[in-house]
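**Student:**
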Amino acid sequence: ANSPKRRRYTDPYSGIAYTNLFDIMLDSVDSAVKSLGLPKIPVVVSEIGWPTSGDPGEVAANLENARVFNQRLIEHLRRGWNKVPVYIFALFDEDQKTGAAVEKHWGLLFGNGSRK
37 ANSPKRRRYT
47 DPYSGIAYTN
57 LFDIMLDSVD
67 SAVKSLGLPK
77 IPVVVSEIGW
87 PTSGDPGEVA
97 ANLENARVFN
107 QRLIEHLRRG
117 WNKVPVYIFA
127 LFDEDQKTGA
137 AVEKHWGLLF
147 GNGSRK
């Protein structure tokens, strides 16, 4: 299968070319800390993921998009540009969670532990 062409953004100040928002956000935190004159601090990405289902109209919240997002995230992290601990949100769907339907469906597994 062909991969879609990834957009590239070049930071006008640093000249660094980015192909994803993940690295932009991590570098932004690092830059902000430096600009405050603080020492380098460890960063942990405590929640990242993609919903597998949602309300009608939330068409991007689906199993295929979640699979692609998580797979590309793992591949990107293995390449090692920004080496930070990352925790995919979440292991299980939260069927009892209140609010929009999309909030219940971030798990890699169904709420009963079966594979999606």
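This note's numbering applies: residue 37 is where the sequence shown begins, and numbers increase by one.
In this text, a Cβ means the ideal position worked out from N, Cα and C, and glycines have one as well.
Give the straight-line distance between the Cα atoms of I124 and P48, rounded to the nearest whole angstrom.
**Tutor:** For I124 and P48, the distance between alpha carbons rounds to 31 Å.
**Student:** Does the region 63-70 come within contact of the region 96-114, defined as at least 3 CB pairs closer than 8 Å?
**Tutor:** At 8 Å Cβ cutoff, the stretches do not touch.
**Student:** Compute the Euclidean distance between the alpha carbons of N38 and D131, then round it to the nearest angstrom.
**Tutor:** Annotation note: pLDDT 49 at N38 (below 50); position unreliable, coordinate value reported separately. Going from the Cα of N38 to the Cα of D131 covers about 35 Å.
**Student:** Please state whether DSSP places A53 in a helix, a strand or coil.
**Tutor:** Looking at A53 - three-state DSSP - the assignment turns out to be strand.
**Student:** Using three-state DSSP, classify E100 as helix, strand or coil.
**Tutor:** Looking at E100 - three-state DSSP - the assignment turns out to be helix.
**Student:** Rounded to whole angstroms, what's the CA-CA distance from G135 to L144? Just pull it up for me.
**Tutor:** Between G135 and L144, the C-alpha separation is close to 20 Å.
**Student:** Under the rule that 16 or more other beta-carbon atoms within 10 Å means buried, what is T88, buried or exposed?
**Tutor:** Looking at its Cβ environment, which holds 16 or more other Cβ atoms inside 10 Å, T88 is buried.
**Student:** For R43, does the three-state DSSP call read helix, strand or coil?
**Tutor:** Here R43 sits in coil by DSSP.
**Student:** Bridge partners of L145, per DSSP?
**Tutor:** Paired residues: F128, R151.
**Student:** Can you give the Cα-Cα distance for N101 and D129, rounded to whole angstroms?
**Tutor:** So the alpha carbons of these two residues sit roughly 16 Å apart.
**Student:** Select from G149, R42, S82 the residue whose C-alpha is nearest the C-alpha of N56.
**Tutor:** The shortest Cα separation from N56 among G149, R42, S82 belongs to R42.
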